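**Q** There's a structure below that I have some questions on.
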Amino acid sequence: MNAFRYDTIKKNTKKYTNKDRAFRALLGGIGTGNISLDGDGRLCDFEIMNHPDKKLKIPYTFFSLWCREEGKDSRAFVLEAEPGGLSEKALGYPTGELYGLPRMDSCEIETNYPFFKYNFKREGLPLKITMEAYTPFIPLDEKNSGIPGYSVEYCIENMSDRPAEVSVCSSMYNFTGFTSYDGYDRLCVDGMPENDVLQGEGYTGVLFRNRGADPEAVNYGTLALACTGKNITLKPCWQAGGWWDGAEEFWQDFREDGKLNADVATDAVGSNIGSADVPKVVGSVCSTETIRPGECAHFTFYFTWSFPNRYGWWPDGHAREEDKPQHDKIWKNYYSTVWKDAPDALKYMFENAEELKGRSRDFSNALYSTTLDADVIESLVSAITVLRSNTCFRIGDGRFFAWEGCFEHAGSCAGTCTHVWNYAQALAFLFPNLEISARKTEFLQETDEEGNMAFRAKRLLDGSKWEMLPATDGQLGSILRVYREWKMTGDDSFLREVWDKVVSAMEFSLRTWDSDGDFVLDDQQHNTYDIEFYGLNSLTNSILYAALAACSSMAEYLGETKRASRYRKAWEEGSRRMDELLWNGEWYEQKISPEDLNRYKYQYGTGCLADQLLGQELAHVCGLGYILPEEHVKSAVHSIYRHNFLRSMKDHESVQRAYAYQDEAGLILCSWPRGGRPRQPFVYSDEVWTGIEYQVAAHLIYEGYIEEGMDIVHAVRGRYDGSRRSPYNEIECGNHYTRSMAAWGLLTALSGYKFDMVKKEISFAPLVSQEDFSCFYSNGSSWGIYRQNVMENGELSYEVIPLYGDMDGVAVNPCS
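Residue numbers for the sequence shown follow my numbering, beginning at 1357 and rising by one.
Next up, the structure:
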C-alpha cells in the first residue's frame, strides 16, 4: 500500500495569492532566525541577526529572470508579482526595492509545509514559472531541522514552439555587521563588508563577509549565496558609485544577454552630489539554460547565514535601552557549533540535498495525507513556524530556550515562561529532546531547595534568578510536562535525574498554595494572566490534580509506593472537594467572597472562564484520563463554547487589546452569563487568544463535541487567512506566540492518539472518518502515518507506517 494519498494531499493543500497582502512564509531552521517570502514572492522580514526584525527589507535582494525566444527580442523581469496596496513613502519607493522594473502579473502560492510553491504568471510570456522554497524540516532530527538557510528552486517550462534561452539570477546585499537601515539609501553596518567568489564542487556563488567587524559582536556574521549548474556567471560585487550606479550597471549588463560580467570598473566622472555616503556592497549569481519547446529547466539556489553570537535576555521589548548593560551576556548559537560559517552550512545543504529534501518531503506528505480537516493541518503548520521563528533558540551546548513571542524588533518576555509553555504541545511531539532540555533547566537550575520554581529561566541566561512570585499554573504544569516527556520518549534516565526536584516542586505547591490542607488550592496564586487569583479556582486546581495523578504514576514506577498512594489520595480527595465547592450546575466558578471579589482586583468570580478545565485538557493529551467528574467536565467545556464563542465581535465590548475585528469570530477568555462581572475583572478577560482557543477546541473534541471544536478552529483560520494576518504568525503578546502551539492538541484529540513509550505502546481511537482514517503520528522513537479502514466484512484493518525511526517492539492498539 502506498504510504501517501496524493489526492488527499492535493485537497489539503492551502492556496494563497499575491492579493493576500499579509502572507508570510518563514524560511530558516530551529534556533537560526528566519527570512520570509511574502505573497509577491519577495524576500522580506530579515530576522537572522539574533533578534526579530519585522518589516526589515534588505535592499537589492531579489531574483530576476531573463529570457529570449529564438528569433525574438529578449525580455527581463524581477521575479515577484507586481506590488500593490497603499503607496505612502514620502520619497517614493526606494531604488533598493526596484519597483520600477517589470514584474510578473500575479502569483499563486501552494503550501505543503515545509515547502512553499509559487506559480508566477505574466501575460504574453511563453514560460510556465514555478518556484519552490524550503528549509529542511525532519521531526526528531534537531540538527537537520536547524540549518541556517534555505533552498530556492525555479522550474521553468518552455510553452512556446521555439527554443528559449533563460537565465535566473539571485542578488544579495552584504548586510554583515548590520546596525540600521533607514528604508531608503542608508543601510549602516559595522566594519567593512566584502564579497568574494565562492566555489564548491557542484556550485558557484558569492561569499559575503566583513573584514572589520568584531568577531565577538552579535552583528558579526557571514552569508553565502550559490547556484548549481554548469552555465554560471557572477558579479561578485556590483559597481561602486553614487546614487544607484550599481543597480543601473547590473540591470543593463543582465538585460543585454542574461549573463553577468564581473568587471564593473569605470573611469567615468561622477557628480558633486551623491545619494548617500554608505557604500552598497551587492553580489549576484546567475544560471543560464537553453530550454526546448515543452521541456523544463531547473535553477537551484542556496542561501545560508551564520551570525554566531547572541544575547539570551536581550533585546527585550519590555525593557529600556539603558537596561541593556544588565542583560548583555553573549552566548554562541548552537548552529554555529555545528557549521563553522555560512559557506560550511551551504556545503552541507548541497552535499546532503537529496536526503534532506526527501526526508522533509516524507514529513510533508505524511502531514497532508491526513483525512482531517485542512484547517486543522494549517493550524498545525502555524504551530510549527513558532519553532522556526526568533521565539525559539539554542545556545552553544544545545540547550533550548524561548521567548514567549517576538515584538517587531525585540523579544517579548524571556526565559521559556512556564505558564505559557503549559499550552504548547507541538515541540513535545516533534522534538521531545528539546522539551527535555527545557524541563532539565526548569527543575535542575530554576527550582531551589525549597521547591520554588522561577517561572522564567534566568539563572543561566542572565546570571540571577527571576525574582517574582512563583507561578502556580506554570510550576504545576512543568511537573505534568515531565510526565509527558517521559511517556513520549520512555527515557528513564531523564525521569530519575529530575525526580527529586519534581517531588520538591510538588511539596512546595501543596505547602504554599493550600492553606488548610484539604488539597484544594486557595491561597494567592500568580498565573498566566499576569495577575494573582485569590480563593479557589479550577484553572490552577485542575492542573494540580493532573500533576498529582502524573506524580502518583511516576512514583509507582520508581517503586515509591507510599508516595504514589499519598499523591493519588490527594488527587482524589482534592478533586472531589473542588467539584463540590466550585460546581454551579453548569460550569466551575471561582469561589471568593463578595467583599474580596472587589477588594482584590482582577478576579472573575461567577464568570465562565475559558481556561477553567485546562488541567483536564492537559490530562487528556497526556493519557491520564478524567481527573474530574466526566459529566461535569462535558457540561463545563460545552458551557465555554456556548457562552464564550462569539460568531461576530460586532456587539462585544472590550477596552482591552483587540485580536479580532468586529466582523470576525473568536473565543473570549471569560464571560458572565449569570452576571456578577467584577468592577475590575482580570486584565485579559475580554481578549481572544489563539492558544486558548486551540486548547478549548481540542478539549471540546476530546469530549465528543467535534462540530463545536471545529467551529473554533475555523474561526481562527478565518482570522489568519493571509488577507489581514499571516497564516503563519499567530499573535498574542508578540508575534509567533508560544501559546499557539496548543494547536497540536487538535491532532491528538481527533485521532484519539495515546502514547506510552515506557511500556512501548501507542493507540488510536479516531473520532472522525473511522471507516477510512489516516493521520500523522509521532513519538520519541518514530514518526509516520497511522491508517485504518473498515473492510466489507466489518472488520477493522489498520497499519502504522513509520517513515523515520523505527517501531521495533512497539505495540499498536486501534480503537482502544
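Beta carbons: idealized from backbone N, C-alpha and C, even for Gly.
These numbers were taken from a predicted model, which means no experiment stands behind them.
How many angstroms separate the CA atom of ILE1751 from the CA atom of GLU1572?
**A** The straight-line gap from Cα to Cα measures roughly 15 Å.
**Q** So what's GLU2155 in DSSP terms, helix, strand or just coil?
**A** The answer is strand: DSSP assigns GLU2155 an E or B state.
**Q** Mind checking who SER1931 pairs with in its DSSP beta bridge?
**A** Partner(s): none; SER1931 has no beta bridge.
**Q** In the DSSP assignment, find the unbroken alpha helix (DSSP H) run with GLN1608 in it and report its ends.
**A** Here the alpha helix (DSSP H) through GLN1608 covers 1601 to 1613.
**Q** Go to ALA1903, then tell me how far its alpha helix (DSSP H) extends in each direction, as first and last residue.
**A** Counting along the chain, the alpha helix (DSSP H) containing ALA1903 begins and ends at 1894 to 1913.
**Q** Thinking just about the alpha-carbon of each residue, which of GLU2088, GLU1916, ARG2143 is nearest to the one in GLU1764?
**A** Per the Cα distances, GLU2088.
**Q** Excluding five sequence neighbours on each side, which residues of the same chain lie with their C-beta closer than 8 Å to the C-beta of LYS2116?
**A** Hits under 8 Å: GLY1846, GLY2165, VAL2166, ALA2167.
**Q** Contact check, ASN1500 vs LEU1712 under 8 Å by CB: the rounded distance?
**A** Confirmed, Cβ separation roughly 6 Å.
**Q** Taking DSSP's pairing of strands, which residues face GLN1781 in a bridge?
**A** Note: GLN1781 sits in no beta bridge, so no partner.
**Q** What do you get for LYS1370, buried or exposed, if any count of 16 or more other CB atoms within 10 angstroms of its CB means buried?
**A** Classification of LYS1370: buried, given that the 10 Å Cβ count is 16 or more.
**Q** May I ask which residues mark the beginning and end of the beta strand (DSSP E) holding MET1548?
**A** Looking at the DSSP string, MET1548 is not in any beta strand (DSSP E), and its letter there is neither H nor E.
**Q** With burial defined as no fewer than 16 other Cβ atoms inside 10 Å of the residue's Cβ, what is the status of LYS1615: buried or exposed?
**A** Its Cβ being crowded by 16 or more others within 10 Å, LYS1615 is buried.
**Q** Mind the definition here: the stretch 1553 to 1568 touches the stretch 1506 to 1520 only if three or more C-beta pairs lie below 8 Å; say whether that holds.
**A** No, the stretch 1553 to 1568 is not in contact with the stretch 1506 to 1520.
**Q** To the nearest angstrom, how far is the alpha carbon of GLU1498 from that of GLY1480?
**A** GLU1498 and GLY1480: Cα-Cα distance of roughly 45 Å.
**Q** Three or more beta-carbon pairs under 8 Å between the stretch 1426 to 1438 and the stretch 1393 to 1405, yes or no?
**A** Because the criterion of three Cβ pairs below 8 Å is met, the stretch 1426 to 1438 and the stretch 1393 to 1405 touch.
**Q** Tell me the rounded alpha-carbon separation between GLY1456 and THR1578.
**A** Cα-Cα distance, rounded: 30 Å.
**Q** Can you tell me which of the three DSSP states SER2172 falls into?
**A** Since pLDDT at SER2172 reaches only 49, below the 50 mark, its modelled position is unreliable, and the value read off the structure follows with that caveat. DSSP places SER2172 in coil when its eight states are reduced to three.
**Q** Would you decide whether LEU1938 is buried or exposed? Buried here means 16 or more other CB atoms lie within 10 Å of its CB.
**A** Per the 10 Å Cβ criterion, buried.
**Q** Compare the beta carbon distance of GLU1423 and LEU1483 with 9 Å and say whether it is the shorter of the two.
**A** Looking at the sequence provided, one finds Cys at residue 1423 rather than Glu. Cβ atoms of CYS1423 and LEU1483: closer than 9 Å.
**Q** Alpha carbon to alpha carbon, how far is ILE1899 from ARG1837?
**A** Distance between the alpha carbons of ILE1899 and ARG1837 is about 11 Å.
**Q** Could you compute how far the alpha carbon of MET1705 sits from the alpha carbon of THR1660?
**A** Using only the alpha carbons, I get a separation of about 9 Å.
**Q** Indicate the three-state DSSP secondary structure (helix, strand or coil) for ILE1948 in the structure shown.
**A** Looking at ILE1948 - three-state DSSP - the assignment turns out to be coil, as it is neither helix nor strand.
**Q** Count the C-beta pairs between the stretch 2043 to 2061 and the stretch 1979 to 1996 that are closer than 8 Å, then say yes if the count reaches three, no if not.
**A** Enough Cβ pairs lie closer than 8 Å, so yes.
**Q** Count the other C-beta atoms from every protein chain shown that fall within 10 angstroms of the C-beta of TYR1362, then say buried if there are 16 or more, exposed otherwise.
**A** The residue in question, TYR1362, is exposed, as its Cβ has fewer than 16 Cβ neighbours within 10 Å.
**Q** Work out the CA separation of LEU1543 and ASP1718 for me, nearest whole Å.
**A** Whole-angstrom Cα-Cα distance: 41 Å.
**Q** How far does the alpha helix (DSSP H) with PHE2186 in it reach, from first residue to last?
**A** What is shown of the chain runs 1357 to 2172, which leaves residue 2186 out entirely.
**Q** Tell me GLN1959's beta-bridge partners as DSSP assigns them.
**A** Answer is PRO2037.
**Q** Using the three-state DSSP reduction, which class does TYR2200 fall into: helix, strand or coil?
**A** Given that the chain is displayed from residue 1357 to residue 2172, the structure contains no residue 2200 and the question cannot be resolved.
**Q** Once the 5 residues before and after SER2172 are set aside, which same chain residues still bring their CB inside 7 Å of it?
**A** Model confidence at SER2172 stands at a pLDDT of 49, short of 50, so the residue's coordinates are unreliable; what they give is reported in the following sentence. So the list reads SER2119, ALA2121, once near-sequence residues are dropped.
**Q** Could you tell me the boundaries of the beta strand (DSSP E) in which VAL1524 lies?
**A** Residues 1520 to 1529.
**Q** Can you pull the DSSP bridge partners for ARG1919?
**A** Partner(s): none; ARG1919 has no beta bridge.
**Q** When the Cα atoms are used, what is the spatial distance from TYR1559 to ASP1619?
**A** Each residue's Cα considered, the two are about 21 Å apart.
**Q** Between LEU1786, THR1388, LYS1680, GLY1673, which lies nearest to GLY1761 when the distance is taken from Cα to Cα?
**A** Comparing Cα positions, the closest option is GLY1673.
**Q** I'd like the ranges of any alpha helix (DSSP H) spanning at least 4 consecutive residues and lying wholly in the stretch 1972 to 2042.
**A** With a minimum length of 4 residues, the continuous alpha helix (DSSP H) runs that stay inside the stretch 1972 to 2042 are 1986 to 2000.
**Q** Which same chain residues end up closer than 8 Å to ASP2077 when comparing Cβ atoms and leaving out the 5 residues on each side of it in sequence?
**A** Result list for ASP2077: ASP1376, PRO2083, in chain order.
**Q** So does the stretch 2069 to 2076 actually touch the stretch 1740 to 1754, counting three or more Cβ pairs closer than 8 Å?
**A** Counting Cβ pairs under 8 Å, fewer than three are found: no touch.
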